[in-house]
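**Q** Take a look at this one; I'll ask things after.
Number of protein chains: 2
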Amino acid sequence: MDHNFRFLIPCALIILSHTALAAKPLSMPDILKASSPSDWRPLDPNNTLYVELPTGRVVIEMAPAFAPLHVANIKTLTRAGYFNGLAVIREQDNYVAQWGDPDNRHPLPPGIGKVAPEFDAVIPAQMAFTALPDGDVYAPEVGFSNGLPVARSTALHKVWLAHCYGMVGVGRDLDAESGSGAEMYVVIGHAPRHLDRNVALVGRVVKGVELLSALPRGSAAMGFYTKTEKPLPIKSIRIAADMPAAERSNLEVMRTDTPRFAALIESRRNRPEDFFKVPAGKIDLCNVPIPVRERAAK
Amino acid sequence: MDHNFRFLIPCALIILSHTALAAKPLSMPDILKASSPSDWRPLDPNNTLYVELPTGRVVIEMAPAFAPLHVANIKTLTRAGYFNGLAVIREQDNYVAQWGDPDNRHPLPPGIGKVAPEFDAVIPAQMAFTALPDGDVYAPEVGFSNGLPVARSTALHKVWLAHCYGMVGVGRDLDAESGSGAEMYVVIGHAPRHLDRNVALVGRVVKGVELLSALPRGSAAMGFYTKTEKPLPIKSIRIAADMPAAERSNLEVMRTDTPRFAALIESRRNRPEDFFKVPAGKIDLCNVPIPVRERAAK
């Protein structure tokens with residue numbers, strides 16, 4: 003009896019704790035605390051942009067898997083120093099911040115021009131995809147692939163990046179050809195998902211989006227600044243791999259193909275914090291956070 | 003024959019124009035241009051708040067139909083001058099701007115305290131409701147009621163306001179009772195729909211949201227400002243009805259229960275502008291604009 007009892011108590015505790023977990027997921031801070039190094043990945047310095055503003059650095063992780071031509075163009079423009087001294091020329095509330103050449107005086111480097119649209123891509127044979135269970139207004143399926151919010155349609159055999167907050171796109175003119183990458187925009191409002199499949203998205207801001215989202219709104223049409231409004235200068239845009247290690251941001255991003263990330267999604271679907279009286283039990287693609295943190299010193 | 007021909011041409015034009023309309027809806031500017039006075043409604047001065055900032059005026063249309071107790075509290079606080087001299091104390095990126103008493107030195111006026119939750123309401127027998135056709139991640143049904151984005155569940159017999167960009171809510175503590183209205187927040191990022199049914203929404207910013215969304219982000223937890231960060235003062239909050247006509251904003255809002263608004267929804271589902279190569283054919287509740295304009299002088 004004594005033995006049985008000693009056996010039963012741990013079992014009961016396990017059952018109780020399992021029940022409690024099922025009823026109430028861990029909170030996001032607890033999930034981050036419980037994470038192990040393998041739940042995180044470093045940024046690839048060859049595909050990381052630093053947008054240096056007078057107010058600080060915006061870090062962008064580029065997505066060459068989705069927009070290889072645009073990313074190649076952006077790297078060429080960056081290495082040619084094209085962006086240095088340009089400015090944030092457009093700040094449209096609940097929409098986008100966009101940078102470019104305010105005076106149209108900077109010629110594009112040789113070999114750089116418009117490129118073929120990369121608005122969506124054929125679903126690759128091997129594709130990491132963490133699906134969300136709650137559906138989506140715009141696409142048959144949504145989820146995460148390599149740290150990026152994506153939408154896809156197996157009927158169309160297509161996958162595309164989704165215009166969530168902080169996503170980076172390439173401005174273009176009216177024609178179907180895409181822009182060169184000389185003008186990029188960052189989403190700073192409610193996800194303009196109607197732009198999906200109409201613009202090439204090239205990456206995501208992983209740090210510093212508030213340096214772009216908190217700028218004064220432009221008062222000309224579409225949020226462009228007027229001649230008398232002072233746009234924020236872009237000191238430079240650089241590729242992390244081109245910089246000395248000491249000057250690089252030392253960030254890592256939570257992987258989106260792990261049980262830990264699945265637990266995070268569940269926690270955000272059913273918020274366990276005491277504040278929430280009626281947890282939604284659902285989540286929209288663009289409300290799932292993709293955690294970023296400083297890497298611990300080795 | 004001459005007569006027949008003269009009859010046929012207008013018919014052909016009607017058919018052609020109808021076909022063109024079916025294939026390509028009017029753009030939003032064209033819809034606004036074609037609108038008639040009956041497509042618009044004035045704001046009710048008794049339920050309109052002016053938040054006067056050093057940078058300009060934010061105009062809020064309150065929603066007493068959804069949160070009568072909170073709106074009554076806010077009117078009492080406003081008329082007692084409670085808000086005058088307070089400040090924007092919280093500015094959290096992609097989330098909310100919130101005002102309140104930065105030093106906790108302003109006592110609430112007599113009779114003002116926490117109120118019963120008004121997080122959702124029983125669906126009224128007569129309810130204006132313009133439904134959206136494309137579904138929603140969070141709720142069984144979404145649409146517009148009296149100019150406000152709403153969600154509802156006929157199974158639950160409940161309707162509630164949705165946390166779209168620019169919606170105004172009442173901050174509360176952890177308990178289920180709601181806040182007094184002394185601290186209000188405005189959504190300035192991707193719709194935090196997980197707050198739906200967890201907080202009392204009391205209205206919508208109809209003008210000037212950019213005066214709140216473009217403020218520097220607070221660097222303390224949850225976007226609160228630290229002691230060394232300078233919060234933007236609230237000069238005053240006033241009710242339009244309490245002000246001389248000459249000092250009132252003269253705005254009108256597009257009605258959401260008209261064929262004109264239905265046409266606007268259709269235009270935003272299938273964007274007719276040349277820019278769009280693959281119109282979404284869908285729209286998310288919080289991506290539908292609710293137009294606001296200056297009233298023409300009489």
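Protein sequence lines correspond, in order, to chains D and V.
So the first sequence is numbered by the working numbering: it starts at 3 and just counts up by one.
So the second sequence is numbered by the working numbering: it starts at 3 and just counts up by one.
Beta carbons: idealized from backbone N, C-alpha and C, even for Gly.
1. Any beta carbon of chain D sitting closer than 8 angstroms to that of residue 187(V)?
2. Taking 8 angstroms as the threshold, find out whether the stretch 242-257 of chain D comes into contact with the stretch 281-300 of chain D through three or more Cβ pairs.
3. Would you kindly check if the distance between the Cβ of residue 201(D) and the Cβ of residue 62(D) is under 8 angstroms?
4. Which one of 168(D), 131(D) and 145(D) has the shortest CA to CA distance from residue 137(D)?
5. Can you give me the C-alpha to C-alpha distance between residue 35(D) and residue 57(D), rounded to a whole angstrom?
6. Within 10 angstroms of the Cβ of residue 106(V), are there 16 or more other Cβ atoms? Answer buried if so, exposed if not.
7. Step through the CB atoms of chain D and report whether any lies within less than 8 angstroms of the CB of residue 227(V).
8. Looking only at its own chain, which residues have a Cβ that is under 7 angstroms from the Cβ of residue 283(D), when we skip the five neighbours before and after it?
9. Kindly indicate which residue of 224(D), 248(D), 198(D) and 280(D) has the alpha-carbon position closest to the one of residue 160(D).
10. List the residues that DSSP assigns as beta-bridge partners of residue 154(D).
11. Could you spell out the range, first to last residue, of the alpha helix (DSSP H) harbouring residue 73(V)?
12. Could you tell me the alpha carbon to alpha carbon distance between residue 287(D) and residue 147(D), rounded to whole angstroms?
13. Residues bridged to residue 123(D) by DSSP?
14. Which whole-angstrom value is the C-beta distance of residue 47(D) and residue 265(D), which I expect to be below 8 angstroms?
15. With the cut-off set at 8 angstroms, would you say residue 237(V) and residue 54(V) are in Cβ contact?
16. If you measure from the beta carbon of residue 160(D) to each beta carbon in chain V, is any gap under 8 angstroms?
17. What does residue 90(V) pair with, by DSSP beta-bridge criteria?
18. Between the stretch 191-219 of chain V and chain D, which residues of the former have a C-beta closer than 8 angstroms to a C-beta of the latter?
19. Check whether the stretch 205-215 of chain D touches the stretch 120-135 of chain D, taking contact to mean three or more Cβ pairs, one atom from each stretch, closer than 8 angstroms.
20. Whose Cβ in chain V lies nearer than 8 angstroms to the Cβ of residue 276(D)?
21. Is residue 72(D) closer than 8 angstroms to residue 204(D) when the C-beta atoms are compared?
22. Only counting the same chain, and skipping five residues up and downstream in sequence, which positions put a Cβ closer than 6 angstroms to that of residue 155(D)?
23. Indicate the three-state DSSP secondary structure (helix, strand or coil) for residue 242(D) in the structure shown.
24. By the 10 Å Cβ neighbour count, where 16 or more other Cβ atoms means buried, how is residue 233(V) classified, buried or exposed?
25. Could you check how far apart the C-beta atoms of residue 84(D) and residue 104(D) are, in whole angstroms? I think they sit under 8 angstroms.
26. Should residue 137(V) be flagged as near chain D, meaning a C-beta pair shorter than 8 angstroms?
27. Could you tell me which chain D residues have their CB closer than 8 angstroms to the CB of residue 52(V), listed as they occur along the chain?
28. Going by beta-carbon coordinates alone, are residue 222(V) and residue 228(V) separated by less than 8 angstroms?
29. Could you tell me the alpha carbon to alpha carbon distance between residue 23(D) and residue 86(D), rounded to whole angstroms?
30. Taking Cβ-Cβ distances shorter than 7 angstroms, what residues in chain D pair up with residue 304(V)?
31. Can you give me the C-alpha to C-alpha distance between residue 82(D) and residue 280(V), rounded to a whole angstrom?
32. Would residue 282(D) pass as an interface residue toward chain V - the criterion being a Cβ-Cβ separation below 8 angstroms?
33. Are there any heavy atoms of the ligand ADP lying less than 7 angstroms away from the beta-carbon of residue 91(V), as far as the coordinates show?
34. What separation, rounded to the nearest whole angstrom, lies between the Cα atoms of residue 289(V) and residue 208(V)?
35. Roughly how many whole angstroms lie between the Cα atoms of residue 164(D) and residue 67(D)?
36. Which residues of chain D have a Cβ atom closer than 7 angstroms to the Cβ of residue 84(V), listed in chain order?
**A** For this structure:
1. no
2. yes
3. no
4. 145(D)
5. 30 angstroms
6. exposed
7. no
8. 271 and 272
9. 198(D)
10. 143(D) and 161(D)
11. 70-81
12. 12 angstroms
13. 161(D)
14. At roughly 29 angstroms, the Cβ-Cβ gap does not stay under 8 angstroms, so residue 47(D) and residue 265(D) are not in contact.
15. yes
16. no
17. 101(V)
18. 191, 192, 193, 194, 195, 196, 198, 199, 200, 211, 212, 215, 216, 217, 218 and 219
19. no
20. 176
21. yes
22. 142
23. helix
24. buried
25. With a Cβ gap of about 14 angstroms, residue 84(D) and residue 104(D) do not count as contacting.
26. yes
27. Correct list: empty, because the minimum Cβ distance to chain D is about 19 angstroms.
28. yes
29. Because the pLDDT at residue 23(D) is just 46, under 50, the model does not fix this residue reliably, and the value given afterwards should be weighed accordingly. Whole-angstrom Cα-Cα distance: 51 angstroms.
30. In this structure chain V extends from 3 to 300, so residue 304(V) is not present and cannot be described.
31. 33 angstroms
32. yes
33. For the ligand ADP, the structure offers nothing, since it holds no ligand at all.
34. 15 angstroms
35. 14 angstroms
36. Those do not exist, as residue 84(V) stays about 24 angstroms from chain D at its closest Cβ, beyond 7 angstroms.
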